[in-house]
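Student: Note that UniProt numbering has the sequence shown beginning at 1, numbered continuously upward.
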Amino acid sequence: MLPVITLIGRPNVGKSTLFNRLTRTRDALVADFPGLTRDRQYGVGQGGPAPYVIVDTGGIGTAPEGIEALMERQVLRAIEDADHLLFLVDARDGCTPEDLEIAQRLRRLGKPITLVVNKSDSTNSTLVTAEFHRLGLGDPHPVSSTQGHGVRELLELVFAQLPDTEDDDATDAPEEGIRVAVIGRPNAGKSTLINRLLGEERLVTCDLPGTTRDSIFIPFERLGRHYTLIDTAGLRRRARVQDVIEKFSVIKTLQALAAANVVILVIDAHQGIGEQDATLAGHIIESGRALVVAINKWDGMTVEERERIKSEFARKLAFLDFAKLHLISALHGSGVGLLLDEVERAFASATRDLGTPVLTRLLESAVQEHQPPLVHGRRIKLRYAHQGGRNPPIIVIHGNQTELVPETYRRYLINRFRKELNLLGTPLRLEFKTSS
Ligand code: GDP
Ligand code: GDP
């Protein structure tokens, strides 16, 4: 499971600036997928010794941040879910009464905390930094979120205090079979689907304790093949059906995505595509995982209604067009058997080895049919291609002026490769390298 690091502090200390820096490498993706919703509160952080979930509490809750916000249920819950808190203060403002009050509250929580003095842009900020010892949270650590100073050291410091987490490799099916994360907003039908996949006899044994942030891993076998389901819903017990609907946990989803080989996104056909579906879709894209979409609850729907949900999906989540859409009824079981066949297919596509000669030949024929544009009177040249990674497949294209390849041409190449290589259910990433 990815460790969870959570940013706290009064408004304007630079939480969202730091959040953006830590999740930035993913920004490039947004350009590749027009319409993608980027979550500004939860993300997978980079630049540390290993990936982690980063949470910006500034965007959570309704109060205008600061102390009132800290008291809000959603924020308290986010704090509870954290493995480590980063308490941000502002080097320019110095230590404020509000900082003192927040520090006091945070100390009571007994969570590991690192005090971060942000906006320490210049090197001679030692004096200001020292002032924050008053907060009683140990040594203040200076960083500049805008310039990046001290950020790597900060992450190393935090990781040294985290419990050990092993590195998961999503490119090979582990011994326990393909790991399949079942994600979707509350009530989409995730638990029903998982029960259906496991078979009725398992229902009674499913009284596993779900925590607020950890998913449950359930190994199972079908037709001699092994799988591990990653259950983000926490198998709701029949006995507690009347319980309050489980709060949508982005952290759980991010961790499930990180641990999965393939994702099943469950959409509630009765509800249509909502904001939470779009956010989830954004996280799926960022994770690069292979994907199968299950449009659930199509029982009792008219033909027109079914068509409507399909076209709504195509319109609102156009960037998930690489995934196969499946209409299912988790409740009645129709279409469910096929899902795992699609999971197998998506995993095979995502992890396939693509040879340099094949990729280069495809590139040549694509270029021949449709040349890259002229830029400043010079034509962009694309020479050869090789595979740069699996799950998701990455194709590295070498040429010159490649930084000027327009978005439309990139999309043309992606579609071309996807079609010719018959890649189903996996995103495909292109990287361009200029070799002079
Ligand atoms: P938040 O309310 O805590 O999320 O704060 P923001 O990230 O919105 O930052 C508030 C302001 O501080 C913005 O104008 C940022 O550009 C600025 N800021 C954030 N980090 C730094 C930094 O390291 N150095 C300087 N000079 N400004 C910063
Ligand atoms: P979760 O929160 O995503 O785990 O959703 P649940 O599996 O708990 O399902 C939420 C509600 O939707 C329950 O009342 C289910 O009985 C119902 N439901 C799930 N799948 C279907 C389906 O295929 N058709 C219909 N009509 N209802 C379903």
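We treat Cβ as the ideally placed atom computed from N, Cα and C, and that holds for glycine.
If you compare alpha carbons, which of Ala281, Ala350, Arg379 and Ile328 is closest to Leu320?
Tutor: Taking the sequence shown and counting its residues from 1, one reaches residue 320 at position 320. The option with the nearest alpha carbon to Leu320 is Ala281.
Student: Is the beta carbon of Val263 sitting closer than 8 Å to the one on Leu291?
Tutor: Against the sequence shown, residue 263 aligns to sequence position 263. Against the sequence shown, residue 291 aligns to sequence position 291. Yes, the Cβ-Cβ distance between Val263 and Leu291 is below 8 Å.
Student: State the CB to CB distance for the pair Glu131 and Gly94, rounded to an integer number of angstroms; the pair is presumed to be in contact (CB under 8 Å).
Tutor: For this step, residue 131 is matched to residue 131 along the sequence shown. For this step, residue 94 is matched to residue 94 along the sequence shown. Indeed, because the Cβ distance is near 6 Å, the residues count as touching under 8 Å.
Student: Rank Thr228, Leu362 and Asn187 by C-alpha distance to the C-alpha of Lys297 and give the top, closest one.
Tutor: For the purposes of this step, residue 297 is identified with residue 297 of the sequence shown, where counting begins at 1. The shortest C-alpha separation from Lys297 is found at Asn187.
Student: Helix, strand or coil, according to DSSP, for Ala330 in the structure here?
Tutor: Numbered from 1 along the sequence shown, position 330 holds the residue referred to as residue 330. Reduced to three states, the DSSP call for Ala330 is coil.
Student: Would you kindly check if the distance between the Cβ of Leu7 and the Cβ of Leu76 is under 8 Å?
Tutor: Taking the sequence shown and counting its residues from 1, the one referred to as residue 76 is at position 76. Taking the sequence shown and counting its residues from 1, the one referred to as residue 7 is at position 7. No.
Student: Look at Leu88 and Val116 and say whether their C-beta atoms are less than 8 Å apart.
Tutor: What you label residue 88 is simply residue 88 of the sequence shown in a count that begins at 1. What you label residue 116 is simply residue 116 of the sequence shown in a count that begins at 1. The answer is yes: Cβ separation under 8 Å.
Student: Who's in the neighbourhood of ligand 1, going by beta-carbon under 6 Å from any heavy atom, listed in chain order?
Tutor: Gly9, Pro11, Asn12, Val13, Gly14, Lys15, Ser16, Thr17, Gly58, Asn118, Lys119, Asp121, Ser144, Ser145 and Thr146
Student: Which class does Leu86 belong to by DSSP, given the choice of helix, strand or coil?
Tutor: Residue mapping note: residue 86 aligns to position 86 of the sequence shown, counting from 1. Annotated three-state conformation of Leu86 is strand, per DSSP.
Student: Indicate, with yes or no, if ligand 2 has a heavy atom lying under 7 Å from the CB of Leu229.
Tutor: Taking the sequence shown and counting its residues from 1, the one referred to as residue 229 is at position 229. Not under cutoff, so the answer is no.
Student: With H, G and I counted as helix, E and B as strand and the rest as coil, what does DSSP make of Lys297?
Tutor: Numbered from its first residue, the sequence shown carries residue 297 at position 297. It is coil, neither helix nor strand.
Student: Spatial neighbours of Ala239 within its chain, please: C-beta separation below 6 Å, excluding the five flanking residues on both sides.
Tutor: Working through the sequence shown from its first residue, we reach residue 239 at position 239. Residue confidence is low: Ala239 scores 39 on pLDDT, short of 50, so the model does not pin down where it sits. Its coordinate-derived value is still stated next. The answer is none, since no qualifying residue turns up.
Student: Note down the Cα distance separating Lys316 from Ala278, rounded to an integer number of angstroms.
Tutor: Your numbering for residue 316 matches position 316 in the sequence shown. Your numbering for residue 278 matches position 278 in the sequence shown. Roughly 8 Å between the two C-alpha positions.
Student: Between Lys190 and ligand 2, is there a pair consisting of the residue's CB and a ligand heavy atom that are separated by less than 7 Å?
Tutor: One-based indexing of the sequence shown puts residue 190 at position 190. Yes, the Cβ of Lys190 comes within 7 Å of a heavy atom of ligand 2.
Student: Quick check on Pro142: does DSSP put it in helix, strand or coil?
Tutor: One-based indexing of the sequence shown puts residue 142 at position 142. Reduced to three states, the DSSP call for Pro142 is strand.
Student: Report yes if the C-beta distance between His84 and Thr114 is below 8 Å; otherwise report no.
Tutor: Residue numbering aside, residue 84 sits at position 84 when the sequence shown is read from its first letter. Residue numbering aside, residue 114 sits at position 114 when the sequence shown is read from its first letter. Yes.
Student: For the putative contact between Leu359 and Ala385, defined by C-beta atoms under 8 Å, what is the C-beta separation to the nearest angstrom?
Tutor: The residue labelled residue 359 in the question sits at position 359 within the sequence shown. The residue labelled residue 385 in the question sits at position 385 within the sequence shown. With 8 Å as the limit, Leu359 and Ala385 qualify as a contact, their Cβ atoms being about 4 Å apart.
Student: Report yes if the C-beta of Asp341 is less than 7 Å from at least one heavy atom of ligand 2; otherwise report no.
Tutor: Here residue 341 refers to the residue found at position 341 of the sequence shown. Incorrect: Asp341 has no Cβ contact closer than 7 Å to ligand 2.
Student: With Asn118 as the anchor, note down where its beta strand (DSSP E) starts and where it stops.
Tutor: Working through the sequence shown from its first residue, we reach residue 118 at position 118. Run containing Asn118: Ile113 to Asn118, per the beta strand (DSSP E) assignment.
Student: Runs of 3 residues minimum, wholly inside the region 321–397: which ones carry the beta strand (DSSP E) assignment?
Tutor: 324–327 and 381–389
Student: Can you give me the C-alpha to C-alpha distance between Pro209 and Asn195, rounded to a whole angstrom?
Tutor: For the purposes of this step, residue 209 is taken as residue 209 along the sequence shown, with counting starting at 1. For the purposes of this step, residue 195 is taken as residue 195 along the sequence shown, with counting starting at 1. Only weak support exists for where Pro209 lies, its pLDDT of 48 falling under 50; the value from the coordinates is given anyway. Taking the straight line joining both Cα atoms gives about 16 Å.
Student: Have a look at Ser261 and Arg289 and give me their C-alpha separation to the nearest angstrom.
Tutor: Here residue 261 refers to the residue found at position 261 of the sequence shown. Here residue 289 refers to the residue found at position 289 of the sequence shown. Before going further, note that residue 261 is Asn rather than Ser in the sequence given. Each residue's alpha carbon lies about 7 Å from the other.
Student: First and last residue of the alpha helix (DSSP H) that includes Leu229?
Tutor: One-based indexing of the sequence shown puts residue 229 at position 229. It is not in any alpha helix (DSSP H) - Leu229 instead sits in the beta strand (DSSP E) that spans Arg225 to Asp231.
Student: Enumerate, from N- to C-terminal direction, the unbroken beta strand (DSSP E) stretches of 3 or more residues contained entirely within the region 11–58.
Tutor: Counting whole runs of 3 or more residues, the region 11–58 contains the beta strand (DSSP E) stretches 42–45 and 52–56.
Student: Anyone know if the C-beta pair for Gly189 and Val266 falls short of 8 Å?
Tutor: Stepping through the sequence shown from its first residue, residue 189 is reached at position 189. Stepping through the sequence shown from its first residue, residue 266 is reached at position 266. The answer is yes: Cβ separation under 8 Å.
Student: Quick check: Leu51 and Gly45, are their CB atoms within less than 8 Å of each other?
Tutor: Position 51 of the sequence shown, counted from the start, is the residue given in the question as residue 51. Position 45 of the sequence shown, counted from the start, is the residue given in the question as residue 45. Leu is not the amino acid found at residue 51; the sequence shown has Pro there. In this structure, Gly45 lies closer than 8 Å to Pro51 by Cβ.
Student: Touch check for the region 100–111 and the region 133–149: three-plus C-beta pairs under 8 Å?
Tutor: With the cut-off at 8 Å, the region 100–111 and the region 133–149 touch.
Student: Under the DSSP definition of a beta bridge, which residues are partnered with Asp268?
Tutor: Within the sequence shown, residue 268 is the residue found at index 268, counting from 1. Note: Asp268 sits in a beta bridge opposite Asn296.
Student: In angstroms with no decimal places, state the Cα-to-Cα distance between Arg21 and Ser120.
Tutor: Along the sequence shown, read from residue 1 onward, the residue named residue 21 stands at position 21. Along the sequence shown, read from residue 1 onward, the residue named residue 120 stands at position 120. Using only the alpha carbons, I get a separation of about 15 Å.
Student: Helix, strand or coil for Arg185, going by three-state DSSP, please let me know.
Tutor: The count along the sequence shown starts at 1 and reaches residue 185 at position 185. Three-state DSSP puts Arg185 in coil, outside helix and strand.
Student: Pick from Thr17, Val367 and Arg308: whose alpha carbon is nearest that of Gly9?
Tutor: Position 9 of the sequence shown, counted from the start, is the residue given in the question as residue 9. It is Thr17 whose Cα lies nearest to the Cα of Gly9.
Student: Where Val180 and Ala294 are concerned, what is the direct C-alpha to C-alpha distance, given to the nearest angstrom?
Tutor: Residue 180 sits at position 180 when you count from the first residue of the sequence shown. Residue 294 sits at position 294 when you count from the first residue of the sequence shown. Computed Cα separation, rounded: 13 Å.
Student: Taking just the CA atoms, how far does Pro142 sit from Leu229?
Tutor: As a position in the sequence shown, residue 229 is number 229, starting the count at 1. As a position in the sequence shown, residue 142 is number 142, starting the count at 1. Going by the C-alpha atoms only, they are around 42 Å apart.
Student: Rounded to whole angstroms, what is the Cα-Cα separation between Gln371 and Ile273?
Tutor: Taking the sequence shown and counting its residues from 1, one reaches residue 371 at position 371. Taking the sequence shown and counting its residues from 1, one reaches residue 273 at position 273. One C-alpha to the other measures close to 38 Å.
Student: Mapping DSSP to helix, strand and coil, what is Pro427?
Tutor: Locating residue 427 in the sequence shown gives position 427, counting from the first residue. Looking at Pro427 - three-state DSSP - the assignment turns out to be coil, as it is neither helix nor strand.
Student: State the Cα-Cα distance for the pair Gly184 and Ala350, rounded to the nearest angstrom.
Tutor: The count along the sequence shown starts at 1 and reaches residue 184 at position 184. The count along the sequence shown starts at 1 and reaches residue 350 at position 350. Straight-line Cα distance between these residues: approximately 21 Å.
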